[in-house]
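Colleague: Sharing a structure below in structure tokens format, with a few things to ask.
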Amino acid sequence: MGAFVVTDYLFRAAAEAGPHDILKLYNTKGNIINISPQLAPNSPHSCYKLEVVAADCNSELLGSDLAVALGFDLSSMEKSSLEVSEEVRQYLKTPTFDNWQWEDAEIMVLLQVMYTDLDFISTFNIELDVLQQFLYEVYRRYNNIPFHNFKHCFCVTQMMYGLIWLTDLRSKIDSVDLLIMLTSAVCHDLDHTGYNNAYQINARTELALRCILATDMTRHTEILNKFKTILPVFDFSNKDHRDVLMMIMIKVSDISNEARPMDVAEPWLDCLLQEFFNQSDMEKLEGLPVTPFMDRDKVTKPSSQTGFIRFVLFPLFIELANLFPCLEQHIIDPVRKALDYYTEMEKALEREKQNRAQSEKMVKPSTSKEPEAHPEPGGTTKPVNL
Ligand SMILES: [Zn+2]
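So for the sequence shown, my numbering puts the first residue at 2; every next one is plus one.
Now the structure itself:
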């Protein structure tokens with residue numbers, strides 16, 4: 002539910018919200034902002050957007066009320082979780098899975114299928130409505146932001162699920178560790194506000210917490226180096242080794258979009274850049290230092306991706322494939338293709354820039370008064386949309 006509000010109304014709505022309701026306030030650009038007395042007044046032309054998530058949940062029917070409030074039909078969902086076809090179940094185990102084909106309610110069912118097909122329901126005696134309740138709670142704690150949203154949570158979880166099957170991890174480590182890995186993936190960006198390092202962690206177990214913390218990119222090199230050190234003597238029965246592997250696998254899953262088919266991966270890059278640019282625009286507005294890779298004046302779509310693939314993604318993925326050579330074709334080959342694709346795009350942009358510079362040089366001396374009136378030779382090439 003969303004509404005455009007003025008500040009007075011906003012505070013009244015916040016005051017009247019139930020104890021279980023979650024209020025999220027977005028500015029006109031879609032950034033999450035703090036509800037506080039310092040909030041600048043808005044106007045009919047610059048409306049805040051208030052989102053109230055969940056209904057009044059003080060009844061015993063918490064789960065179903067919540068489901069209805071979120072727009073899910075619980076009875077059909079219970080039925081449909083049993084009705085997911087064998088074909089979809091198999092597809093769900095592969096990195097080629099396309100998240101864009103599924104609505105959020107269907108994604109909730111697919112998450113249940115993962116818990117069911119890894120035998121977590123039977124092994125840990127998890128009641129289905131408890132699992133559903135948990136997933137609803139997770140769902141409403143992901144924010145409506147361009148990238149770090151519920152669909153990203155699903156993609157990371159689905160990649161983790163795929164890796165577990167592809168590497169036959171079930172024969173190598175305990176179910177409880179697998180449960181922690183999948184659940185860490187589900188929770189890893191809870192409450193992410195769209196600003197880096199600004200997220201709060203709601204993990205329950207120490208290991209899950211460490212797995213989630215492992216996704217913080219500031220610890221990337223440290224964790225990767227640890228993994229490289231133990232790789233030559235890797236032993237699945239050694240708990241320290243397993244712990245590092247679990248952190249590596251959630252890191253790989255977290256940044257695995259480029260291992261997916263191009264038509265799945267590319268829209269995700271647009272979402273990420275949109276979130277980055279929102280942050281850097283805000284930082285510029287407030288006079289704060291701007292992270293260069295988030296600055297729309299400094300990065301282009303391909304330049305942001307070629308650097309990331311070369312220096313962050315490849316070095317990480319290659320080490321995991323060293324332990325599991327079977328992953329080469331599933332996660333290394335597609336990333337190599339993505340790198341070629343963005344390298345080409347980068348070259349094309351560079352050519353376009355040069356053409357433009359050249360034409361400006363040619364145009365300037367004779368028509369310095371209105372250079373815009375002349376069409377540019379490179380002008381037919383469409384600039385990359387973000
Ligand atoms: Zn993430």
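A virtual CB, placed ideally from N, CA and C, is assigned to each residue, including glycine.
1. From threonine 168 to leucine 183, what distance separates their C-alpha atoms?
2. Whose CB is closer than 5 Å to a heavy atom of ligand 1? List the residues in chain order.
3. Assess, as a yes-or-no matter, whether the stretch 334-344 is touched by the stretch 303-313 under the definition of 3 or more beta carbon pairs within less than 8 Å.
4. Taking DSSP as the reference, what is the three-state secondary structure of tyrosine 140?
5. Quick check on glycine 288: buried or exposed, where buried means 16 or more other Cβ atoms within 10 Å of its Cβ?
6. Alpha helix (DSSP H) containing tyrosine 162: first to last residue?
7. By DSSP, does serine 238 sit in helix, in strand, or in coil?
8. Can you tell me the Cβ-Cβ gap for isoleucine 224 and isoleucine 249, rounded? I've got them flagged as a contact below 8 Å.
9. Cutting at 6 Å between CB atoms, please list the residues of its own chain near alanine 374, excluding the five before and the five after it.
10. Taking the C-alpha atoms as reference points, what is the distance between proline 42 and asparagine 28?
11. Name the two residues that bound the continuous alpha helix (DSSP H) containing lysine 362.
12. Around the Cβ of isoleucine 1, are there at least 16 other Cβ atoms within 10 angstroms (buried) or fewer (exposed)?
13. For a test of the three-state rule: what should DSSP assign to isoleucine 146, helix, strand or coil?
14. To the nearest angstrom, report how far apart valine 234 and glutamate 320 are at their CA atoms.
15. Considering just the uninterrupted stretch of the beta strand (DSSP E) at isoleucine 108, what are its terminal residues?
16. My assumption, with CB atoms under 8 Å, is that lysine 302 sits in contact with leucine 270. Please give the rounded CB distance.
17. Output the boundary residues of the beta strand (DSSP E) element that contains lysine 25.
18. Please state whether DSSP places leucine 132 in a helix, a strand or coil.
19. When you compare each of Val85, Ile332, Phe278 to methionine 263 by their alpha carbons, which one comes out closest?
20. CB-CB under 8 Å to leucine 132, same chain, minus the five flanking residues each way: which ones, in chain order?
21. Cα separation between cysteine 156 and glutamine 330?
22. Does DSSP put isoleucine 33 in a helix, in a strand, or in coil?
23. Kindly identify the DSSP beta-bridge partner or partners of serine 44.
24. Quick check: glutamate 276 and isoleucine 146, are their CB atoms within less than 9 Å of each other?
25. Contact defined as beta carbons within less than 8 Å: I believe asparagine 144 pairs with valine 265. What is the distance between those atoms, to the nearest angstrom?
26. So what does DSSP say about serine 257, is it helix, strand or coil?
27. Going by C-alpha distance, which of Arg243, Thr222, His221 is nearest isoleucine 231?
28. Straight-line CA distance for glutamate 267 to threonine 344?
Modeller: The relevant details are as follows:
1. As a first step, residue 168 is located in the sequence shown; it is residue number 167 there, counting from the start. As a first step, residue 183 is located in the sequence shown; it is residue number 182 there, counting from the start. Roughly 15 Å between the two C-alpha positions.
2. Asp190, Asp255
3. yes
4. Indexing the sequence shown from 1 puts residue 140 at position 139. Of the three classes helix, strand and coil, the one that applies to tyrosine 140 here is helix, per DSSP.
5. Along the sequence shown, one-based indexing puts residue 288 at 287. Glycine 288 comes out exposed.
6. If you number the sequence shown from 1, residue 162 lands on position 161. Taken as a continuous stretch (DSSP letters only), the alpha helix (DSSP H) holding tyrosine 162 covers 151-167.
7. Your numbering for residue 238 matches position 237 in the sequence shown. Three-state DSSP puts serine 238 in coil, outside helix and strand.
8. Taking the sequence shown and counting its residues from 1, one reaches residue 224 at position 223. Taking the sequence shown and counting its residues from 1, one reaches residue 249 at position 248. Going by Cβ atoms, the distance from isoleucine 224 to isoleucine 249 rounds to 7 Å, so yes, they are a contact pair.
9. Residue numbering aside, residue 374 sits at position 373 when the sequence shown is read from its first letter. For alanine 374, the predicted structure reports a pLDDT of 39, less than 50, and the residue's modelled location is therefore unreliable. A value from the coordinates is still provided. Contacts found: none.
10. On the sequence shown, residue 42 is found 41 positions in, with the first residue counted as 1. On the sequence shown, residue 28 is found 27 positions in, with the first residue counted as 1. Each residue's Cα considered, the two are about 11 Å apart.
11. The sequence position of residue 362 within the sequence shown is 361, counting from 1. 334-364 is the span of the alpha helix (DSSP H), which, as asked, contains lysine 362.
12. Limits of the chain in this structure are 2 at one end and 387 at the other, which puts residue 1 out of reach.
13. What you label residue 146 is simply residue 145 of the sequence shown in a count that begins at 1. Three-state result, isoleucine 146: coil.
14. As a position in the sequence shown, residue 234 is number 233, starting the count at 1. As a position in the sequence shown, residue 320 is number 319, starting the count at 1. Approximately 13 Å between the Cα atoms of the pair.
15. If you number the sequence shown from 1, residue 108 lands on position 107. Not the beta strand (DSSP E): isoleucine 108 falls in the alpha helix (DSSP H), residues 105-118.
16. For the purposes of this step, residue 302 is taken as residue 301 along the sequence shown, with counting starting at 1. For the purposes of this step, residue 270 is taken as residue 269 along the sequence shown, with counting starting at 1. With a Cβ gap of about 6 Å, lysine 302 and leucine 270 count as contacting.
17. Mapped onto the sequence shown, residue 25 falls at position 24. Residues 23-27.
18. The residue you call residue 132 lines up with position 131 of the sequence shown. In this structure, leucine 132 counts as helix in the three-state DSSP scheme.
19. Sequence index remark: in the sequence shown, residue 263 carries index 262 (1-based). It is Ile332.
20. For the purposes of this step, residue 132 is taken as the residue at position 131 of the sequence shown. So the list reads Gln113, Tyr116, Ile122, once near-sequence residues are dropped.
21. Start at 1 with the first residue of the sequence shown, and residue 156 comes out as number 155. Start at 1 with the first residue of the sequence shown, and residue 330 comes out as number 329. So the two alpha carbons sit approximately 19 Å from each other.
22. As a working note, residue 33 is residue 32 in the sequence shown. Note: isoleucine 33 maps to strand in three-state DSSP.
23. In the sequence shown, the residue the question calls residue 44 occupies position 43. Serine 44 pairs with Ser47.
24. Residue numbering aside, residue 276 sits at position 275 when the sequence shown is read from its first letter. Residue numbering aside, residue 146 sits at position 145 when the sequence shown is read from its first letter. It is a contact, given that the beta carbons lie within the stated cut-off.
25. Here residue 144 corresponds to residue number 143 of the sequence shown, with the count starting at 1. Here residue 265 corresponds to residue number 264 of the sequence shown, with the count starting at 1. No, asparagine 144 and valine 265 are not in contact; Cβ-Cβ is about 22 Å, not under 8 Å.
26. If you number the sequence shown from 1, residue 257 lands on position 256. Coil.
27. Mapped onto the sequence shown, residue 231 falls at position 230. It is Arg243.
28. If you number the sequence shown from 1, residue 267 lands on position 266. If you number the sequence shown from 1, residue 344 lands on position 343. Distance between the alpha carbons of glutamate 267 and threonine 344 is about 14 Å.
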